[in-house]
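J.: After the structure tokens below, expect a handful of questions from me.
Residue numbers (UniProt numbering): 1 to 177.
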């Protein structure tokens, strides 16, 4: 399939004219990943924005879990220690025609999670330095694009906040976070 038609299938490019899409296709790379393979890792320099064409990707964050353990107990005395373990938490699951890696557009320029392929995956990838150059040349495309990216970010932040609040309330039986 022609790359401009592939891009047009993604929500963030749906308002682009055929001409704008054709100009952008020179920057598009189609990449394939195997199940279990990382597309990117947390903290890595963020250089590409991805659109998922086929497959499923999980965005995962690593957290350090601390557990309080009692290792000696005698009458009124007990000795406790804290043990730590790293855990991976799936923050969100990316499906077909969704965008991920949008932190590559932020000034920090680092991925904030790990993107792991649940199954074989095909993505369109756009180098963000090339995307910035494109938007400098074609600013009429930049604002609608960024507006949609902000919509994606807002939705994901809301989903994450809701999950955090739900977990907090369940764990601590409180009605305030």
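No residue lacks a Cβ here, since even glycine has one placed at the ideal position from N, Cα and C.
#1: What span of residues does the alpha helix (DSSP H) with residue 155 cover, start to end?
#2: Is the number of C-beta pairs between the region 96 to 113 and the region 161 to 168 that are closer than 8 Å three or more?
#3: Check whether the region 75 to 91 touches the region 14 to 26, taking contact to mean three or more Cβ pairs, one atom from each stretch, closer than 8 Å.
#4: Is the region 129 to 144 touching the region 53 to 62 in the sense that three or more CB pairs, one from each, lie closer than 8 Å?
#5: Do residue 123 and residue 52 have their beta-carbon atoms positioned less than 7 Å apart in this structure?
#6: By the DSSP assignment, the beta strand (DSSP E) with residue 52 in it spans what residues?
#7: So residue 127 is in the beta strand (DSSP E); what residue range does that whole segment cover?
#8: Would you call the CB atoms of residue 120 and residue 46 closer than 7 Å?
T.: Quick look at the numbers:
#1: 139 to 172
#2: no
#3: no
#4: no
#5: yes
#6: 48 to 54
#7: 121 to 127
#8: no
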